[in-house]
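Numbering (this note's numbering), first residue to last: 3 to 499.
Accompanying notes for the structure given below.
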Ligand code: ADP
Ligand code: GLC
C-alpha cells in the first residue's frame with residue numbers, strides 16, 4: 003500500500019498528545035512492513051525550535067483560500083531512524099507566530115486567565131487540509147490512501163471527494179479518517195465556507211453542518227472508512243453519553259466504522275534502552291533496578307527519598323477528560339495510606355492551582371511539574387510503583403501501555419482503550435497469572451481510592467502476586483506491528499487491493 007498520513011502533530015516535530023505519537027509511529031510501522039508511507043504536517047515554529055534537520059524541497063504549492071491563492075513552500079525531513087519522508091507545509095502567518103506567550107501552542111495560546119484557541123484555527127486548517135491535496139503530485143509516489151486524523155484534517159476526505167475526484171492522479175485515491183478524540187470537533191461559523199472553495203449547498207445537516215461548519219463531522223461523512231483508536235471507544239461514541247452529539251451519525255455509518263487499538267512505540271518506550279531513566283532494566287532485572295529509578299524520580303520531583311513509600315505517578319494533559327479531579331479529591335486518602343503522589347502535566351489553570359496547593363501543603367510527599375517534558379514523562383513511567391489513569395473517557399490512551407512495558411501496573415477506569423488494554427487484578431485473574439493492572443468502573447474518587455488501596459494490599463502484603471502482575475504487564479505486546487497490520491487490511495478493503 004502507498005499511504006499519505008496527514009496530521010496536525012507528529013512526535014519528534016511537534017506534539018501536544020497521543021495523536022503525535024500515532025502519526026509518528028504508524029507510518030514507520032507501515033514502512034517496515036514493506037508499504038510506502040509519507041507524512042504531511044504544518045511547519046510550526048515549534049518544529050524549527052526542536053532542531054530536527056529540515057531541508058527545502060523546491061516544491062511550492064498553490065493553495066486556494068477564498069479568492070486568493072497562497073503560494074507555500076514545502077520542506078522535508080524524515081521520521082527519526084527511518085526513510086519515511088515528513089513533508090512540512092510552510093505558511094508563517096498561520097504556523098509560525100512569534101507570540102512569546104504562545105509557548106508550544108499549536109492550537110492555543112496563553113492568556114492571563116488561561117488558554118484560548120487561536121481565533122483563526124478554522125482558516126489555518128482549511129489551508130492545511132487543502133495543502134495536503136495539493137501535495138499529492140509531489141510525493142514521489144501515487145498514494146492509494148490518504149489517511150487523515152482528527153478535526154484538523156477533517157476536510158481532507160471532503161476535498162478528495164468534492165474537489166479532486168475527477169482530477170487525473172486522484173481518481174483512485176481512497177480516504178481513511180481516524181477519530182482520536184470526539185470531544186474536539188473543530189466547529190466554526192458558516193462564513194468559513196467562503197475560504198474552502200466548496201459549494202455552499204454542502205452546508206446542511208446531512209453533510210458539513212453540525213452546530214456550525216463541523217470539520218470532524220465532515221471527515222466522518224466523507225471518508226471511505228472511519229475508525230477510532232479502540233474497539234470499546236468505537237462502541238461508546240455511538241451512544242449519547244460519549245458521542246458528543248455525533249452518536250446519531252456514527253450509528254448511521256457504523257458499516258464503515260471500526261476500532262483499532264493504537265500501538266506502543268517500543269523504540270522510544272522501552273526500559274531496556276531508555277536514555278531518560280536512571281537505570282535501564284528488563285523483566286529479569288526490574289526488581290533490582292526499578293528502585294534506582296524510583297529514587298531518581300523522588301529526587302527530580304523533590305519529594306522525600308523514601309524507598310518504602312509507594313509512588314503513584316500521573317502523566318497527562320490536565321483536562322477534565324483525564325480524571326484529574328478524582329486524583330485531587332482522593333489525594334489526601336493516598337497520602338494517609340503512606341503514598342507519594344507525582345504529577346507531570348500541563349493544561350487547565352484550575353488544575354494547576356489545585357495541584358500546586360496540594361504540593362504546598364505536602365512538599366515532602368507530593369511532587370508536581372506543570373509543563374511538558376519528555377524526559378520526565380519517561381522518568382515517571384519508570385520510577386512510579388503504580389500509574390494512575392482514571393479517565394472519564396479515553397479513546398485509546400498510550401500512557402497505560404507505556405506503564406505496562408515499564409512494569410508499573412496502571413490503575414485505570416474501564417473506558418475506551420483502557421478497558422481494552424488492562425486486565426484487572428481480580429482474584430481469578432491473579433490466580434491465572436493474567437492480571438496486568440487495576441481497573442474500576444464508577445467515575446468517583448472513592449472507587450479510585452479503593453482500587454489503589456487494593457493495589458497497595460498486594461504491593462505490601464502479597465508481594466509475590468504483585469510481582470507476577472509486573473512480569474505479566476511487561477510481557478504484553480502492544481507493538482505497532484499488530485495495529486499496522488489491521489490498518490493495512492482496512493486500506494486494502496477500501497481500495498479493493
Ligand atoms: P492524550 O493523547 O489524550 O493526551 P495519550 O495517553 O494517548 O493521551 O497520549 C499522551 C502522550 O502525551 C503520551 O506520550 C504522554 O507521555 C505525553 N504527555 C502528556 N502530557 C505530557 C507532559 N506534561 N510532558 C510530557 N509528555 C506528556
Ligand atoms: C487522543 C486520545 C487518546 C489517544 C490519542 C492517540 O488524544 O485522547 O486516548 O491515545 O488520541 O490516538
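Backbone N, C-alpha and C fix where the C-beta goes; we use that ideal spot for every residue, glycine too.
{"Item": "Proximity to residue 32 [Cα-Cα], best of 162, 410, 85, 462", "Value": "85"}
{"Item": "Environment of residue 480 [buried if 16+ CB atoms lie within 10 Å]", "Value": "buried"}
{"Item": "Contact test: residue 383 Cβ vs the ligand GLC heavy atom, cutoff 7 Å", "Value": "no"}
{"Item": "Simplified DSSP state of residue 426, which is helix, strand or coil", "Value": "strand"}
{"Item": "Three or more C-beta pairs below 8 Å linking the stretch 251-265 and the stretch 276-289", "Value": "no"}
{"Item": "Residues near residue 29 by beta carbon distance below 6 Å, same chain, minus five either side", "Value": "7, 39, 41, 86"}
{"Item": "Same chain, Cβ closer than 8 Å to residue 12, neighbours up to 5 away in sequence not counted", "Value": "22, 25, 26, 41, 43, 81, 88"}
{"Item": "Three-state class that DSSP yields for residue 116 in the structure shown", "Value": "strand"}
{"Item": "Span separating the alpha-carbon of residue 406 from that of residue 472", "Value": "8 Å"}
{"Item": "Where the beta strand (DSSP E) containing residue 57 begins and where it ends", "Value": "57-67"}
{"Item": "Helix, strand or coil at residue 129 according to DSSP, with G and I counted as helix", "Value": "helix"}
{"Item": "Local Cβ density within 10 Å of residue 325, reported as buried at 16 or more and exposed below that", "Value": "buried"}
{"Item": "Residues near residue 420 in its chain [Cβ-Cβ closer than 7 Å; skip 5 each side]", "Value": "391, 393, 396, 399, 402, 414"}
{"Item": "Under 8 Å between C-beta atoms of residue 192 and residue 205", "Value": "yes"}
{"Item": "contact_flag[the stretch 208-224, the stretch 152-159] where n(CB pairs < 8 Å) is 3 or more", "Value": "yes"}
{"Item": "Length of the line joining the Cα atoms of residue 311 and residue 49", "Value": "40 Å"}
{"Item": "Cut-off 7 Å between Cβ atoms - residues of its own chain near residue 103, not counting five sequence neighbours on either side", "Value": "At residue 103 the pLDDT is 48, less than 50, meaning the model places this residue with poor confidence and gives no usable figure here."}
{"Item": "Exposure label - residue 240; buried when at least 16 CB within 10 Å", "Value": "buried"}
{"Item": "For residue 360 and residue 233, the rounded distance between their alpha carbons", "Value": "37 Å"}
{"Item": "Contact test: residue 11 Cβ vs the ligand GLC heavy atom, cutoff 7 Å", "Value": "no"}
{"Item": "Rounded Cβ spacing between residue 172 and residue 125 (contact assumed at less than 8 Å)", "Value": "Not quite, the Cβ-Cβ distance comes to about 24 Å (not below 8 Å), so this is no contact."}
{"Item": "Uninterrupted alpha helix (DSSP H) stretches inside the stretch 320-348 (no shorter than 4 residues)", "Value": "326-338"}
{"Item": "Residues near residue 291 in its chain [Cβ-Cβ closer than 6 Å; skip 5 each side]", "Value": "281, 283"}
{"Item": "Buried or exposed by the 16-neighbour rule on C-beta atoms within 10 Å, applied to residue 114", "Value": "exposed"}
{"Item": "Segments assigned beta strand (DSSP E), at least 3 residues, entirely inside the stretch 30-57", "Value": "38-44"}
{"Item": "Chain B contact for residue 180 (CB, 8 Å cutoff)", "Value": "The structure shown contains no chain B, having only a single protein chain."}
{"Item": "Cβ contact check for the stretch 478-493 and the stretch 254-268: 3 or more pairs under 8 Å", "Value": "yes"}
{"Item": "Contact test: residue 415 Cβ vs the ligand ADP heavy atom, cutoff 7 Å", "Value": "no"}
{"Item": "Three-way DSSP call (helix, strand, coil) for residue 103 in this model", "Value": "In this prediction, residue 103 scores a pLDDT of 48, lower than 50, which makes its location untrustworthy; the coordinate-derived value is nonetheless stated afterwards. Here residue 103 sits in helix by DSSP."}
{"Item": "The stretch 449-462 touching the stretch 324-342, judged by at least three CB pairs closer than 8 Å", "Value": "yes"}
{"Item": "Any non-hydrogen atom of the ligand ADP closer than 7 Å to residue 317 Cβ", "Value": "yes"}
{"Item": "Unbroken alpha helix (DSSP H) run spanning residue 254, endpoints", "Value": "249-254"}
{"Item": "Reference residue 47, options 287, 60, 95, closest by Cα", "Value": "95"}
{"Item": "Distance between residue 491 and residue 462 (C-alpha atoms, nearest Å)", "Value": "46 Å"}
{"Item": "Other residues of its chain near residue 498: CB distance less than 7 Å, five sequence neighbours each side excluded", "Value": "none"}
{"Item": "Residue 391 (DSSP reduced to helix, strand or coil)", "Value": "strand"}
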